[in-house]
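Enquirer: One structure coming up, written as structure tokens, with questions to follow.
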Amino acid sequence: MSQISANDLKTKGVAAIEAALAEAPEAVVSVRGKERFVVMDIAHYHYLRECELDAALAQTRTDLAAGRFTQESPEAHLARLDTL
């Protein structure tokens, strides 16, 4: 993963991000030598978000198949949440 220093980002701006993303799909922005932020192309972000949603859907389907769910009215659900 590429790294961009905060100073490079300050002096070069978006050009520093574009150069780093030309090498890898993600780049880390470091501040005072510590990794603080990750930047990526919007298409890569959407891809990762879709993967996250697919994983959540797969987990939900697994829970439903295993019987790990509760069927109740909205009122009962809110009452159960209040007890937690």
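The sequence shown: position 73 = 73 (UniProt numbering), numbered continuously. Heads up, the beta-carbon is just placed ideally off N, CA and C, and yes, glycines get one too.
#1: What number of angstroms, rounded off, separates the C-alpha of R68 from the C-alpha of A58?
#2: Quick check: what's the CA-CA separation for L64 versus S2?
#3: Just how far apart, CA to CA, sit E72 and E52?
#4: Count the other CB atoms within 10 Å of the CB of A27; is the residue buried (16 or more) or exposed (fewer)?
#5: Excluding the five sequence neighbours on either side, which residues of its own chain have a C-beta within less than 8 angstroms of the C-beta of L9, listed in chain order?
#6: On a Cα-Cα basis, can you pick out the residue from A22, L21, A19, R36 that is closest to A6?
#7: With a threshold of 6 angstroms on Cβ separation, who are the neighbours of L4 within its own chain once the five nearest residues in sequence on each side are excluded?
Expert: According to the structure shown:
#1: In the sequence shown, the residue the question calls residue 68 occupies position 68. In the sequence shown, the residue the question calls residue 58 occupies position 58. Whole-angstrom Cα-Cα distance: 14 angstroms.
#2: Sequence index remark: in the sequence shown, residue 64 carries index 64 (1-based). Sequence index remark: in the sequence shown, residue 2 carries index 2 (1-based). Cα to Cα, the separation comes out at about 41 angstroms.
#3: Taking the sequence shown and counting its residues from 1, the one referred to as residue 72 is at position 72. Taking the sequence shown and counting its residues from 1, the one referred to as residue 52 is at position 52. Using only the alpha carbons, I get a separation of about 27 angstroms.
#4: In the sequence shown, residue 27 corresponds to position 27, counting from 1. A27 comes out buried.
#5: Taking the sequence shown and counting its residues from 1, one reaches residue 9 at position 9. Only A16, I17, V29 meet the Cβ criterion.
#6: Position 6 of the sequence shown holds residue 6. Considering only alpha carbons, the answer is R36.
#7: Here the question's residue 4 lines up with position 4 in the sequence shown. Here residue 4 turns out to be Ile, not Leu, going by the sequence shown. Correct list, in chain order: A16, A20, A27, V29.
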